[in-house]
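Notes to accompany the following structure.
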Amino acid sequence: IKAPDQHGQNFYNLFSKYKLKDGSRIVVEQAAWTDIQLTSYSDSLKPVVNLKPSARPLPKTRQNQMRCIQPDFVLIRDVVCGIKPGQDYRNLLHGFLMSQTPSINSLHSVFCMAERAVMTAELIRLNRLYGQAKFPIFTQNYYPQHEEMLITPSYPLVLKLGSGHAGFGKILLQNHKQFMDMKSIVATTSDYCTAEQYIEGKYDLRLQKIGDNYQAYKRVSMSGNWKTNTGTSMIEMIDVCERYRFWMDECSKAFGGGLHICTVDVLVAESDGKEYILEFNGTASGFGDTDKDNLILRDYVLRKLNEYFVDGEKQLNTQQYPNNDDLVRDVKDLDKYDDEKYVSQMESKNDDHDDVDADDGVQNEQEENDKDVTEVEE
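The opening position of the sequence shown corresponds to residue 8 in my numbering, with each subsequent residue numbered one higher.
Shown next as structure tokens:
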């Protein structure tokens, strides 16, 4: 199943002529979140999924029919939360999570990326780990609700509301009066917001990682919009330098890894040419060259399918936190955290306890018999 796609791609055709290396045929079903119904079971990796007929079916596909399937694998190419009310499809994502269905990107990373604040928290973690010189980001203020909107960064500033994407939910504020006006609007919503100092951008960069393929694009806005990543832009492919590769690698490891598709947006300041990491995106990232990059994605997905279903490598969705090994090494009593040894020790203790109880029973019975004999003699 390929669920779903905001870029209008035909994944039926993309995978139609391909099989796994053991000869297994790949059957693709493609659907939007709005067309998916599912029930998941804790004892199965395959949820039962009903796909409703699409309002705009792709030609020569089954999208004009009602389909019932049990997907072995999920490729997600759309945001799980849209910008409009009613476009929150996390309940469907939770169903795939319950079944632990293999996927690209990992279901856990898709869940975390649904909230901008969670994504920003990862950027802050990496910034504190490596420092501003090696991992540069904007400083931000976070307000869970409008009552806390008191202290602001220096003006002009950019206020971002909730988890909007593609330029939505962002506004440029020049002074405190405008900030107070915006505060009154935030009060009518249930969303959090963030504020950061506005830095005029000369251009922005889109750093793109699909598996082990790295690309970088320079985007120069032609529309005059202060949001350099929206509107009409002139795109130029540039070399991937080491720091760009480092940023992509670190962001793709967020949430325990699993961001096989990962893009990083970088703003280059007009005044001094400094680079600032704006955000990183996951499975719904738009590609720089759609046709070429979809072929790269297809080859990477085929590789992962072969590793998982043919070679038996079951690490596709496993969360890997690099600090775990260090944590275990710091523990003095390692045997205490070895499950097999712990179980064996507990079983051994239980056996010893049973033996002691049995001996005590025999001893008590003997004492009772001796007491009865003494009474008879008397």
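For each residue, glycine too, the CB sits at the ideal point set by N, CA and C.
Proximity of residue i and residue j at Cβ, strictly below 8 angstroms
i       : j       : result
Val-273 : His-172 : no
Lys-225 : Leu-212 : yes
Val-308 : Leu-82  : yes
Three-state secondary structure assigned by DSSP to residue i
i       : result
Cys-248 : coil
Arg-336 : Per-residue confidence for Arg-336 stands at a pLDDT of 42, beneath the threshold of 50, marking its modelled position as unreliable; the derived number appears in the next sentence. If DSSP states are grouped into helix, strand and coil, Arg-336 belongs with the helices.
Asp-50  : coil
Ile-192 : helix
Val-87  : coil
Val-363 : At Val-363, the pLDDT of 49 sits below 50, so the modelled position is not reliable and the matter cannot be decided from this model.
Gly-289 : coil
For residue i, the first and last residue of its enclosing alpha helix (DSSP H)
i       : result
Leu-304 : 297 to 312
Gly-176 : Careful: Gly-176 lies outside any alpha helix (DSSP H) and carries neither H nor E.
Glu-129 : 123 to 137
Asn-98  : 97 to 106
Tyr-19  : 18 to 22
Leu-114 : 114 to 120
Residue i - containing beta strand (DSSP E), residue span
i       : result
Arg-69  : Arg-69 -> no beta strand (DSSP E), and no H or E assigned at all.
Ser-228 : 220 to 228
Val-81  : 81 to 84
Thr-239 : Here Thr-239 belongs to no beta strand (DSSP E), and DSSP marks it neither H nor E.
Val-55  : 55 to 58
Rounded straight-line distance, which links the Cα of residue j to that of residue i
i       : j       : result
Asn-324 : Asp-318 : 15 angstroms
Thr-46  : Leu-104 : 11 angstroms
Ser-230 : Lys-311 : 40 angstroms
Pro-163 : Tyr-149 : 17 angstroms
Ile-90  : Phe-175 : 8 angstroms
Asn-288 : Val-56  : 27 angstroms
Glu-282 : Arg-74  : 48 angstroms
Leu-114 : Thr-159 : 35 angstroms
Sequence-distant residues of the same chain with beta carbon closer than 7 angstroms to residue i, five excluded per side
i       : result
Leu-21  : Asn-301, Arg-305
Ala-121 : Val-87, Cys-88, Arg-97, Ser-170
Ser-51  : Ser-106
Contact test: residue i Cβ vs the ligand NAP heavy atom, cutoff 7 angstroms
i       : result
Ala-140 : Judged by which ligands are present, the structure shown has none, so any question about the ligand NAP falls away.
Beta-carbon proximity list for residue i, same chain, < 6 angstroms, skipping 5 on both sides
i       : result
Leu-341 : Only weak support is given to the placement of Leu-341: the predicted model assigns it a pLDDT of 49, under 50, and the value that follows is read from those uncertain coordinates. Cβ within range, chain order: n/a, list empty.
Asn-182 : Tyr-162
Lys-53  : Gln-77
8 angstroms CB neighbourhood of residue i in its chain, flanking five on each side removed
i       : result
Tyr-210 : Lys-225, Arg-226, Val-227, Ser-228, Thr-235, Val-275
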